[in-house]
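Counting in the numbering used here, the sequence shown runs from 539 upward without gaps. Think of the CB as a built atom: it goes at the ideal place given N, C-alpha and C, for glycine as much as any other residue. In what follows, a structure is listed as structure tokens, so that the remarks can point back to it.
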Amino acid sequence: QQIVKEAFCKGPVKARCKQPVVHAPRMCVGLGAALKGASLGRKYRTTGFSLPVIVMDYAASRELETSLRLEIPEDGPESLEGGSCTMTAQSGRKSTGEILSPKRALVENIPLNPEQANHFKVDLKDRAGQPVSQAQITIYHNPNFVEPLGLNTSANVLSYAISLEVYDTAQRSLIRHTLAEKLTPLPCFDLEHTFNFPTGAEVISLPVYGDSQLIKTIQVPVMDDIPAGAEVTLRISIDANQKLQCQGHIPQAVRNQHFDFSVDSPEPEPVPTLADFKKLEAKAYALMGQVGSRPGFDKQAVRLMQLLQDVDRAFDNRDEAKIIQRMRELNDLLDEWDPSNIQLEPPVEELDKLANETLSILSVLSPNTTVDGPETAKNVEANRHEAKMEAKQNPPDVVLYTRCYKNIETDHDLVLDEYRRQNPPDPKKTATNLIDQAEEKLPQAQAAAQTEEQRRHVGMAEECLNEARKELAADNYSRAVSSARNALQLVGQVLVKTSMDDPAPGKERVLETGTPKPVAPATLETAVNLTLEANQQLKTARVSARTPEQQQSIKEAEDVLH
């Protein structure tokens, strides 16, 4: 009764109703133990030391043997490296721990007396045998105690980590942000997350995860023309049933500054069986036989063996929470090293295409060249052969394959530079082609222009095109090329903007938190035409590029086009 009274009547749980626990003494012990001593990172009072001891596991168990991870604060100068960790029970029995790092220790196989509070004295010492800290720790034994798993929770703590993904405009990718760590005390009302409004989004899409499991994707329609980079603030609370409530705020929105949503907790993750573990164990040993000789596998093999031992021990102790966590880590590690999951980048087909293009250009070079034709062709074929042979291996050596591709790429650039030196482009032909392309696209842009800004761009494109014609007639080819390119760029801006602002009838645009707007089906033809036009311009640019800056610009353009 005293344990339950302390658990329910102290600290943040002072206002909780005590009535439900009156008629279930066994559950009282489990709940009281969980609330009092089982939350992650609980700091225990020390005996004569200012340095606290932090317990990183549940200080409760349904087994008669348990383990405990202990830490000291990271920001202090104290170190446990080379020292010792001892837990002494009231009976005098000692359990010796292992020092894992300068700040962490692990004590395993701690014996517990059944169905009672077990009191221990913890002694942490440094390399010289001098005390670092001492603490009195209580571990409760109760056969009905269950570590929080999904909805099956016996303690008022969050049993999974909650995170969401937000599109980062700087990195151009979805970045996952943790909102609440696993074992956060519940209820909690002080969580907050801020991100910047993505460019061009009309629906903010927020995938919410419980650990690695997608719980729900929240889509928030945006009715206003909100500027890119505007701040979006989420204020989050989680109740005792692990239900998440969120209030969003967009200060720069003219209307609808506020939005809210809720997310229920995920279904509890099933506990793997011993048969599941044996299958995974067999796969692990088979995988070590396949890739054990690969560079960098030694450290992974050590980690693999540690995980296998942890899972085996967790099954012996019937520690379901540890079984789930370690099996998940084991699966991830095996997937990382599974040969069937290794992807060669770039693909063999692309490597083959690059080799053929190199040999094709090499065949049309004049004899008076600085490139050793036969030797270069021999190198290209040798690297292609070695890369293809490696691609057939199980697993392939990604480092060797990539080196072969880079060698071919180097020869390709060398040969292409020599071809450009021998075959300088005809500036008149280049200018004429660009002017023809601009004249072809200008009527499309005139018809598509809807806003004042688009019509202004069309007018500027007409001026640039007229200027290009005048310069071409005056044999000022470089100026003609520059003006024609400016005209094409302005026309392209109008066509692209129009295609993105014109969704198909009945189709709502839903974007992943600021991902580029997809071209609607009604404007697919425009997209195809623009792609073909860009491809043609790239071909012209490849021939005329001479300086490193120009070649770098072409590479960037190729990436965008791809």
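Taking the beta strand (DSSP E) that E730 belongs to, which residues open and close that run? Numbered from 1 along the sequence shown, position 192 holds the residue referred to as residue 730. Unbroken beta strand (DSSP E) run through E730: 726-734.
Alpha-carbon spacing of A983 relative to V1098, whole angstroms: On the sequence shown, position 445 is the one that residue 983 refers to. On the sequence shown, position 560 is the one that residue 1098 refers to. Their Cα atoms are separated by approximately 22 Å.
Are the beta-carbon atoms of L1103 and V660 separated by less than 8 Å? As displayed, the chain neither begins before 539 nor continues past 1100, which places residue 1103 out of reach and without an answer.
Counting beta carbon pairs with one atom in the stretch 995-1004 and one in the stretch 929-946, are three or more of them shorter than 8 Å? They do not touch, by the three-pair rule.
Exposed or buried, what is R665 when buried is set at 16 or more other beta-carbons lying within 10 Å of its beta-carbon? Along the sequence shown, one-based indexing puts residue 665 at 127. It is exposed - the Cβ of R665 has fewer than 16 other Cβ atoms within 10 Å.
Pair within 8 Å by beta-carbon distance, L954 and L872: Here residue 954 is taken as the residue at index 416 of the sequence shown, counted from 1. Here residue 872 is taken as the residue at index 334 of the sequence shown, counted from 1. Not in contact: L954 and L872 (Cβ atoms no closer than 8 Å).
I973, enclosing alpha helix (DSSP H) - first and last residue: As a first step, residue 973 is located in the sequence shown; it is residue number 435 there, counting from the start. It spans 965-986 - the alpha helix (DSSP H) in which I973 sits, taken as one unbroken run.
What are the boundary residues of the alpha helix (DSSP H) that K663 is part of? Translated into positions along the sequence shown, residue 663 becomes position 125. Per DSSP, K663 belongs to no alpha helix (DSSP H); it is in the beta strand (DSSP E), 655-663.
Span separating the alpha-carbon of P963 from that of K1093: By 1-based counting over the sequence shown, the position of residue 963 is 425. By 1-based counting over the sequence shown, the position of residue 1093 is 555. In this structure, the alpha-carbon of P963 lies about 19 Å from that of K1093.
Suppose you measure from the CA of L602 to the CA of L712; what does that come to, to the nearest Å? For the purposes of this step, residue 602 is identified with residue 64 of the sequence shown, where counting begins at 1. For the purposes of this step, residue 712 is identified with residue 174 of the sequence shown, where counting begins at 1. If I take the Cα positions, the gap works out to 45 Å.
CB D848 to CB R864, shorter than 8 Å? Taking the sequence shown and counting its residues from 1, the one referred to as residue 848 is at position 310. Taking the sequence shown and counting its residues from 1, the one referred to as residue 864 is at position 326. In contact: D848 and R864 (Cβ atoms closer than 8 Å).
Candidates H679, V809, D728: closest to C784 by CA position: Start at 1 with the first residue of the sequence shown, and residue 784 comes out as number 246. Looking at H679, V809, D728, the one whose alpha-carbon comes closest to that of C784 is D728.
Can you give the beta carbon distance from S629 to N647, rounded, assuming they're within the 8 Å contact cut? Taking the sequence shown and counting its residues from 1, the one referred to as residue 629 is at position 91. Taking the sequence shown and counting its residues from 1, the one referred to as residue 647 is at position 109. With a beta-carbon spacing of about 15 Å, S629 and N647 fall beyond the 8 Å limit used to define contacts.
Quick one: what's got a C-beta closer than 7 Å to D749's C-beta in the same chain, skipping five residues either side? Taking the first residue of the sequence shown as position 1, residue 749 is located at position 211. Taking C-beta separations shorter than 7 Å and ignoring five residues to either side along the sequence, the partners of D749 in its chain run Y698, A699, following chain order.
Given that a residue counts as buried once 16 or more other Cβ atoms are within 10 Å of its Cβ, and exposed if not, what is T722? On the sequence shown, residue 722 is found 184 positions in, with the first residue counted as 1. Label assigned to T722: buried.
Based on Cα-Cα distance, which residue from L892, D798, L1033 lies nearest to Q988? In the sequence shown, counting from the first residue as 1, residue 988 sits at position 450. Of L892, D798, L1033, the residue nearest in Cα terms is L1033.
Specify the secondary structure class of G748 as computed by DSSP and reduced to three states. Position 210 of the sequence shown, counted from the start, is the residue given in the question as residue 748. In the structure shown, G748 sits in a strand (DSSP, three-state: E or B).
Using only the alpha-carbon positions, how far apart do A1042 and N921 sit? In the sequence shown, counting from the first residue as 1, residue 1042 sits at position 504. In the sequence shown, counting from the first residue as 1, residue 921 sits at position 383. Here the model assigns A1042 a pLDDT of 42, short of 50, so the residue's position is not dependable and the matter cannot be decided.
Restricting to Cα atoms, I'd like to know which of Y1015, R856, I675 is closest to P810. One-based indexing of the sequence shown puts residue 810 at position 272. Its Cα nearest to that of P810, the residue R856 stands out among Y1015, R856, I675.
Taking the alpha carbon of E1000 as the point to measure from, which residue in K979, D1013, P789, E928 has its own alpha carbon closest? Here residue 1000 refers to the residue found at position 462 of the sequence shown. Its Cα nearest to that of E1000, the residue K979 stands out among K979, D1013, P789, E928.
How should L650 be labelled, buried or exposed, when 16 other C-beta atoms within 10 angstroms of its C-beta is the threshold for buried? Looking up residue 650 in the sequence shown gives position 112. Burial call: buried.
Under 8 Å by Cβ, that's how I've got S775 and P725 pegged, so tell me the actual separation to the nearest angstrom. Numbered from its first residue, the sequence shown carries residue 775 at position 237. Numbered from its first residue, the sequence shown carries residue 725 at position 187. With 8 Å as the limit, S775 and P725 qualify as a contact, their Cβ atoms being about 7 Å apart.
Out of L589, D595, M594, T604, which has the shortest C-alpha to C-alpha gap to F853? Taking the sequence shown and counting its residues from 1, the one referred to as residue 853 is at position 315. Closest in alpha carbon position to F853, among L589, D595, M594, T604, is T604.
Measure the C-alpha to C-alpha separation of Y678 and Q654 and round it to an integer number of angstroms. Taking the sequence shown and counting its residues from 1, the one referred to as residue 678 is at position 140. Taking the sequence shown and counting its residues from 1, the one referred to as residue 654 is at position 116. Cα to Cα, the separation comes out at about 6 Å.
For K632: DSSP bridge partner residues: For the purposes of this step, residue 632 is taken as residue 94 along the sequence shown, with counting starting at 1. Residue pairing for K632: DSSP places it in a beta bridge opposite T626.
DSSP on R856, reduced to helix/strand/coil? Taking the sequence shown and counting its residues from 1, one reaches residue 856 at position 318. In the structure shown, R856 sits in coil (DSSP, three-state: anything other than H, G, I, E or B).
Between A594 and the rest of its own chain, which residues show a CB-CB distance below 6 Å, the 5 nearest in sequence each way excluded? What you label residue 594 is simply residue 56 of the sequence shown in a count that begins at 1. Looking at the sequence provided, one finds Met at residue 594 rather than Ala. Excluding residues up to 5 positions away in sequence, R607, E609 lie with their Cβ nearer than 6 Å to the Cβ of M594 in the same chain.
Rounded to whole angstroms, how far is the Cβ of L744 from the Cβ of A718, which I believe are closer than 8 Å? Counting from 1 along the sequence shown, the entry for residue 744 is found at position 206. Counting from 1 along the sequence shown, the entry for residue 718 is found at position 180. No, L744 and A718 are not in contact; Cβ-Cβ is about 15 Å, not under 8 Å.
Could you give the distance in angstroms between the alpha-carbon of G767 and the alpha-carbon of L1068? Position 229 of the sequence shown, counted from the start, is the residue given in the question as residue 767. Position 530 of the sequence shown, counted from the start, is the residue given in the question as residue 1068. C-alpha separation (whole angstroms): 29 Å.
Under three-state DSSP, which class holds V1098? Reading the sequence shown from its first residue, position 560 is the one you call residue 1098. The answer is helix: DSSP assigns V1098 an H, G or I state.
Grouping DSSP H, G and I as helix and E and B as strand, with all else coil, what is D798? Start at 1 with the first residue of the sequence shown, and residue 798 comes out as number 260. The answer is strand: DSSP assigns D798 an E or B state.
Output the boundary residues of the alpha helix (DSSP H) element that contains P912. Here the question's residue 912 lines up with position 374 in the sequence shown. Where P912 is concerned, the enclosing alpha helix (DSSP H) starts and stops at 911-929.
Note down the Cα distance separating L897 from L889, rounded to an integer number of angstroms. Here residue 897 corresponds to residue number 359 of the sequence shown, with the count starting at 1. Here residue 889 corresponds to residue number 351 of the sequence shown, with the count starting at 1. Looking at the two C-alpha atoms, the distance is approximately 13 Å.
Considering just the uninterrupted stretch of the alpha helix (DSSP H) at I946, what are its terminal residues? The residue given as residue 946 occupies position 408 in the sequence shown. That run of the alpha helix (DSSP H) goes 936-960.
Candidates L662, L638, A1012, L938, of which the one nearest E883 by Cα: Taking the first residue of the sequence shown as 1, we reach residue 883 at position 345. Ranking L662, L638, A1012, L938 by Cα distance to E883 puts L938 first.
So the beta strand (DSSP E) E769 belongs to, where does it begin and stop? Taking the first residue of the sequence shown as 1, we reach residue 769 at position 231. The continuous beta strand (DSSP E) containing E769 extends over residues 769-776.
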